[in-house]
Amino acid sequence: KEGIPFLSIGSIGIPAFGITAINKEGLTLALHFMFTKSVKLVGNGILDIALQIIHRARTTSEAIDIAKRYSFIAGWNLFISSAREKTAIIIENDAKKMSIAYPKDNYLTLSNTYISEKMKDMEFAPSYSWYEHNISRYH
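Numbers given in this note's numbering equal positions in the sequence shown, counted from 1, plus 66.
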């Protein structure tokens, strides 16, 4: 009963909130899995983190603040846009670090690859076709 009302979009067989969602404040969140060598066994699950963001954040800054409170166990990109602020961000993380990607020239693109140089050192591609598929979306 507390928090911001939201709508979550899922798929058959995945009964989870927050994979893709929009809240009453106009904040939208979409999760993108990342292959990374930086993982750990203890921490917070991504669906719990996403639920807290979509249920509590009114702005992209609040979304960042909420994400920083949690210990991620694997690599994820959280694409967050704000209708009210007319902007978007990507919260990039792995089990050890986090980086925020901001629009350049009012443009922000996301695939299942890290954008910031800070995050790329632990990223890996399970196959060359995976790498090509994701990199080609930026061109």
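Built from N, CA and C at the ideal position, the CB exists for glycine as well. Computed from a predicted structure; not experimentally measured.
For the region 111-119 against the region 163-183, are there 3 or more C-beta pairs whose distance is under 8 Å?
no
Integer Cβ distance of residue 154 from residue 174, believed to fall under 8 Å:
5 Å
In whole angstroms, what is the alpha-carbon distance linking residue 187 and residue 201?
It is roughly 16 Å from the alpha-carbon of residue 187 to the alpha-carbon of residue 201.
Option nearest residue 158 by Cα separation, candidates 151, 106, 96 and 123:
That would be 96, whose Cα lies nearest to the Cα of residue 158.
Report all residues from its chain with a CB closer than 8 Å to the CB of residue 138; omit the five preceding and five following residues, and keep chain order.
109, 110, 112, 115, 159, 160, 161 and 164
List the DSSP bridge partners of residue 165.
According to DSSP, residue 165 bridges with 158.
Tell me the DSSP bridge mates of residue 170?
173
Member of 199, 195, 156 and 79 whose CA lies at the smallest distance from the CA of residue 180:
Among 199, 195, 156 and 79, the Cα nearest to that of residue 180 is on 156.
According to the Cβ coordinates, are residue 178 and residue 98 closer than 8 Å?
yes
Can you find the residues in the same chain that come closer than 7 Å, C-beta to C-beta, to residue 176, ignoring five residues on each side of it along the sequence?
98, 143, 145 and 156
Among all the DSSP beta bridges, which residues are the ones paired with residue 100?
141
Locate the alpha helix (DSSP H) running through residue 195, then write down its first and last residues.
194-201
Given this structure, state the Cα-to-Cα distance separating residue 100 from residue 198, to the nearest angstrom.
15 Å
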